[in-house]
Amino acid sequence: MPETYRVYFGGELFSAKHLCGNAALAERLFERSGGRYVSVLPQNLEQRDTTAQQIRDQDIRSLLSCDVGLFHYDGPELDSGTVVEFMFAKFADIPAVLLRTDFRYGGDQGPEPWNLMSSFYPRTETVLLDAMGLYKEAYEPHRAMEETALLEAKISSHAASAMHEAILDRLLPALDRVMGMEPLLGGEEETTVRQWLKRMPGMMTPARAALDREVASA
1017 MPETYRVYFG GELFSAKHLC GNAALAERLF ERSGGRYVSV LPQNLEQRDT TAQQIRDQDI
1077 RSLLSCDVGL FHYDGPELDS GTVVEFMFAK FADIPAVLLR TDFRYGGDQG PEPWNLMSSF
1137 YPRTETVLLD AMGLYKEAYE PHRAMEETAL LEAKISSHAA SAMHEAILDR LLPALDRVMG
1197 MEPLLGGEEE TTVRQWLKRM PGMMTPARAA LDREVASA
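For the sequence shown, this note's numbering begins at 1017 and goes up steadily by one.
In structure tokens form, the structure reads like this:
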């Protein structure tokens, strides 16, 4: 049985498309890695009956408990929550992979299509892919089929699965590489930094969280 690593799955989770895409990629990552990479999906952690701060605190604690972070840097503007999570990972010296499958470009630098303040960090790999191109490549051989036949054969779903496989062809080696990079922190220095990162966000105590729930339900 290979050693297993917990992967914090940072990214958007605000729509059905986000939720389905996150779940599918996380499950295929687990399968393709032979169980080596176990994804922690914030969408499976969050409870709708808690406060906004409790949701934030839970996500930060989950991130700091993981061995590596995978951060989805998609969209014309990067999701601000994901950027904050990535920076937390870097403060904690957690290895990270930035994954962008969005073919749109922006930012203020050449190599990576986002603001330069989110680049150049150690123990970090960037994977840039064109998800639309990967999808079209898998779908194109079936284009001549009639619409009903396409639906009956679930060609679109097969093309989406092929797209995920192509993403994993690049993502898995990137995860392996960052996991093999030497840590920057160690010993007392790491302990001090980790203790500070648990204090710095001003996380709720269990008693404070319970009081906030009572107030919200009153």
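Ideal Cβ placement from N, Cα and C applies to all residues, glycine included.
Rounded to whole angstroms, the Cβ separation of Ala1105 and Leu1079 is 6 Å, and the two are in contact under 8 Å. Residue range Ala1112 to Arg1116 is occupied by the beta strand (DSSP E) that includes Leu1114. The C-beta distance from Leu1086 to Pro1058 rounds to 12 Å, too long to meet the 8 Å contact threshold. Fully contained in the stretch 1107-1192 are the following alpha helix (DSSP H) runs of length 4 or more, in chain order: 1147-1155 and 1163-1168. Taking the Cα positions, Glu1205 is about 12 Å away from Leu1213. Taking C-alpha positions only, Thr1066 is separated from Ala1108 by approximately 26 Å. In the DSSP assignment, Ser1055 falls outside any alpha helix (DSSP H) and lies within the beta strand (DSSP E) extending over Tyr1053 to Val1056. Between Arg1193 and Glu1141, the C-beta gap is smaller than 8 Å, which places the two residues in contact. Excluding its 5 nearest sequence neighbours in each direction, Ala1112 has C-beta neighbours in its own chain below 8 Å: Val1084, Gly1085, Leu1086, Phe1087, Phe1102, Ala1105, Lys1106, Tyr1137, Arg1139, Thr1140, Glu1141 and Val1194, listed in chain order. Gln1063 has its alpha-carbon roughly 12 Å from the corresponding atom of Gln1069.
Around Arg1186, the same chain offers Val1143 and Leu1145 as residues with beta carbons nearer than 8 Å, after the five sequence neighbours per side are excluded. Contact between Ser1055 and Ala1040 is absent: CB atoms are separated by about 11 Å, not below the 8 Å threshold.
Of the other Cβ atoms in all chains shown, fewer than 16 fall within 10 Å of the Cβ of Cys1036; this residue is therefore exposed. Under a 10 Å Cβ-count criterion, Ala1175 is classified as buried, with 16 or more other Cβ atoms of the shown protein chains found around its own Cβ.
No Cβ-Cβ contact shorter than 8 Å links Thr1117 with Gly1027.
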